[in-house]
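Student:
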Amino acid sequence: MNQEVIAKRYASALFQIALEQGQLDRIEEDVRAVRQALAENGEFLSLLSYPKLSLDQKKALIREAFAGVSTPVQNTLLLLLERHRFGLVPELAEQFLALVDDARGIAKAVAYSARPLTDEELRALSDVFAQKVGKQTLEIENIIDPELIGGVRLRIGNRIYDGSVSGQLERIRRQLIG
């Protein structure tokens, strides 16, 4: 089975527990902290796959390293360890955070522009396009692409809205050729 699918199942289960216990904010913070800790300490993942350490020793390491996180997050980490799937934690974190954003009506977007967009322009893009995709707000990352000449190309998920000058020129070129 695909690793992404497996991680999504664990993330979905953790998300349901967070909702049932009314701890969505706390568990979100914990998941972000675990993701960051593992990203900064790659040796920890290697240590957990070391065959000479017993499962109990590995569990003790997790309990000690993540003593400050909530019980559901700690139990999820221990379950992944028992099932030899601890390497899924970064993907699980991404999937969990996507579920949280979706529940809050937030979508991630990337705005490509020829120059940096102002906060006001980003807010206007968010207001207009959030409604188009059925969300309350967009979290927009602005990437500078000088090839656009002017305007904006916005990517939300797998949708692309192209209002750039280079995109318009390309459409005109295709019309003239066709």
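Residue numbers (our numbering): 148 to 325. Don't be surprised by glycine CBs; every beta carbon is placed ideally from N, CA and C. Please read these numbers as outputs of a predicted model, since none were measured by experiment.
Grab the span of the beta strand (DSSP E) containing residue 288 for me, first residue to last.
Tutor: For this step, residue 288 is matched to residue 141 along the sequence shown. Taken as a continuous stretch (DSSP letters only), the beta strand (DSSP E) holding residue 288 covers 284-291.
Student: Using beta-carbon positions only, say whether residue 239 and residue 165 come within less than 8 Å of one another.
Tutor: Counting from 1 along the sequence shown, the entry for residue 239 is found at position 92. Counting from 1 along the sequence shown, the entry for residue 165 is found at position 18. No, they are not a contact pair.
Student: Is the separation between the beta-carbon of residue 244 and that of residue 175 shorter than 8 Å?
Tutor: Taking the first residue of the sequence shown as position 1, residue 244 is located at position 97. Taking the first residue of the sequence shown as position 1, residue 175 is located at position 28. In this structure, residue 175 lies closer than 8 Å to residue 244 by Cβ.
Student: Does DSSP put residue 296 in a helix, a strand or coil?
Tutor: Along the sequence shown, read from residue 1 onward, the residue named residue 296 stands at position 149. Correct three-state label for residue 296: coil.
Student: Ignore the nearest five residues each way along the sequence and tell me which others in residue 298's own chain have a CB closer than 6 Å to its CB.
Tutor: Stepping through the sequence shown from its first residue, residue 298 is reached at position 151. The residues are 310, 311, 312.
Student: Assign residue 282 to buried or exposed, taking buried as 16 or more other Cβ atoms, counted over all protein chains shown, within 10 Å of its Cβ.
Tutor: To locate residue 282, count along the sequence shown from 1; it is residue 135. So residue 282 counts as buried.
Student: Reducing DSSP to helix, strand and coil, say where residue 199 ends up.
Tutor: Start at 1 with the first residue of the sequence shown, and residue 199 comes out as number 52. It is coil, neither helix nor strand.
Student: Between 151, 269, 178, 292, which lies nearest to residue 162 when the distance is taken from Cα to Cα?
Tutor: Numbered from its first residue, the sequence shown carries residue 162 at position 15. Answer by Cα proximity: 178.
Student: For my contact list, residue 158 and residue 246 are in at a C-beta cut-off of 8 Å; report their separation, rounded to the angstrom.
Tutor: Stepping through the sequence shown from its first residue, residue 158 is reached at position 11. Stepping through the sequence shown from its first residue, residue 246 is reached at position 99. Yes, residue 158 and residue 246 are in contact; Cβ-Cβ is about 6 Å, under 8 Å.
Student: When the Cβ atoms of the region 272-288 are set against those of the region 254-263, are three or more pairs found closer than 8 Å?
Tutor: Because the criterion of three Cβ pairs below 8 Å is met, the region 272-288 and the region 254-263 touch.
Student: Give the straight-line distance between the Cα atoms of residue 217 and residue 184, rounded to the nearest whole angstrom.
Tutor: For the purposes of this step, residue 217 is identified with residue 70 of the sequence shown, where counting begins at 1. For the purposes of this step, residue 184 is identified with residue 37 of the sequence shown, where counting begins at 1. Roughly 15 Å separates the two Cα atoms.
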